[in-house]
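Undergrad: Residue numbers (this note's numbering): 176 to 419.
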Amino acid sequence: MASKKNYRKEYRIREHEPSMETANQMLTNIFEELKLEPSSVPLEVMLSYVKYRRERYKLQRAVLVLILCLFVLLPLQFVAPRFTVTQLSGTESGIPTYIVKLKGPMPVASVTASIDGSLFPVTDLGDHVYSIQPSQNGTMTVRVTLSNHQYRTTSLEVSSIDTITPYLVSSSMDGDSLHLFVADDETGIDYNHIYAETLDGTTMYPSSWNIGSGEIVFDEVTDALNVYIPDERGNYLHLVLTLK
Numbered sequence: 176m177a178s179k180k181n182y183r184k185e186y187r188i189r190e191h192e193p194s195m196e197t198a199n200q201m202l203t204n205i206f207e208e209l210k211l212e213p214s215s216v217p218l219e220v221m222l223s224y225v226k227y228r229r230e231r232y233k234l235q236r237a238v239l240v241l242i243l244c245l246f247v248l249l250p251l252q253f254v255a256p257r258f259t260v261t262q263l264s265g266t267e268s269g270i271p272t273y274i275v276k277l278k279g280p281m282p283v284a285s286v287t288a289s290i291d292g293s294l295f296p297v298t299d300l301g302d303h304v305y306s307i308q309p310s311q312n313g314t315m316t317v318r319v320t321l322s323n324h325q326y327r328t329t330s331l332e333v334s335s336i337d338t339i340t341p342y343l344v345s346s347s348m349d350g351d352s353l354h355l356f357v358a359d360d361e362t363g364i365d366y367n368h369i370y371a372e373t374l375d376g377t378t379m380y381p382s383s384w385n386i387g388s389g390e391i392v393f394d395e396v397t398d399a400l401n402v403y404i405p406d407e408r409g410n411y412l413h414l415v416l417t418l419k
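#1: Are the beta-carbon atoms of residue 304 and residue 258 separated by less than 7 Å?
#2: To the nearest angstrom, how far is it from the Cα of residue 398 to the Cα of residue 372?
#3: Look at the alpha carbon of residue 356 and the alpha carbon of residue 312, and state the distance between them as a whole number of angstroms.
#4: Got a sec, what are the start and stop residues for the beta strand (DSSP E) residue 413 sits in?
#5: Would you identify the three-state DSSP class for residue 399, choosing helix, strand or coil?
#6: Mind checking residue 348: buried by the 16 CB within 10 Å criterion, or exposed?
#7: Any Cβ of chain B within less than 7 Å of the Cβ of residue 301?
#8: Compare the C-alpha of residue 407 against each of 387, 233, 376 and 365 and name the closest.
#9: Three or more C-beta pairs under 8 Å: does that hold for the region 274-290 against the region 322-334?
#10: How big is the Cα-Cα spacing for residue 234 and residue 294?
#11: Should residue 419 go down as buried or exposed, given a rule of 16 or more other Cβ atoms within 10 Å for buried?
#12: If you run the structure through DSSP and keep just helix, strand and coil, what is residue 380?
#13: What's the C-alpha gap between residue 322 and residue 279?
#14: To the nearest angstrom, how far is it from the Cα of residue 338 to the Cα of residue 405?
#15: Which class does residue 327 belong to by DSSP, given the choice of helix, strand or coil?
#16: Inspect the beta-carbon positions of residue 340 and residue 414 and report whether they are closer than 7 Å.
#17: Looking at the strands, I want to know which residues DSSP matches up with residue 233.
#18: Whole angstroms are fine: how far does the CA of residue 334 sit from the CA of residue 297?
#19: Taking the C-alpha atoms as reference points, what is the distance between residue 387 and residue 263?
#20: Would you identify the three-state DSSP class for residue 142, choosing helix, strand or coil?
#21: Out of 361, 369 and 379, point me to the one whose CA is closest to residue 270's CA.
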């Protein structure tokens, strides 16, 4: 038996708007059917007014949404930063590091640190964490400013920076060898950067040194010397030595 195939016809209804002339005629027919006076307002004007009202409604809704958003965000404009400042332990002696940690999601505009008007570099470590390495002792002021222009400051004393130079304990000559005994009570002597200059500008370096005793030896010393002895923090002891 031959199989039967079902055929389905699809019909598409095309929607279209009537022309303005057709719409006017339809409106006139409706008024006549209802035995009413024809409208004195043209259909084009009525359609324009409807469109105007629709656009105005959209604008009013957009303005209302904007006002509501501003109302919700308004309290954020008065949020001040909250943060803590702590000193790291176990950092390099003589160079303290302070860590600033901010609380809250507000974007940060700036973080500054200063002592007596001198600004210090502030490093952004990410996740609202910053590091500060002051280069002098004193009252350090840390200021944090948010993107809403609200700011807060805090002050703390910095006193662990080594600003004291090494000092001479004693000196002696043994033939043409100069023996210096020095000490430093803070960061210690930087023996690798000790040098001396003769009066004619010749640079000399120690022939030996002893870290335990603090002895520094210069050989072949035949004239006056300017000796420069730094500590690990970069504070220099300057000695002017003359031969007798």
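All residues carry an ideal CB built from backbone N, CA and C; glycine is no exception.
TA: So, from the listed chains and residues:
#1: no
#2: 10 Å
#3: 29 Å
#4: 411-416
#5: coil
#6: exposed
#7: Looking at the structure shown, chain B is missing, and only one protein chain is on hand.
#8: 365
#9: yes
#10: 50 Å
#11: exposed
#12: coil
#13: 13 Å
#14: 11 Å
#15: strand
#16: no
#17: In the DSSP output, where bridge partners are listed per residue, residue 233 has none listed.
#18: 19 Å
#19: 29 Å
#20: No statement about residue 142 is possible, as the shown extent of the chain runs from 176 to 419 and does not include it.
#21: 361
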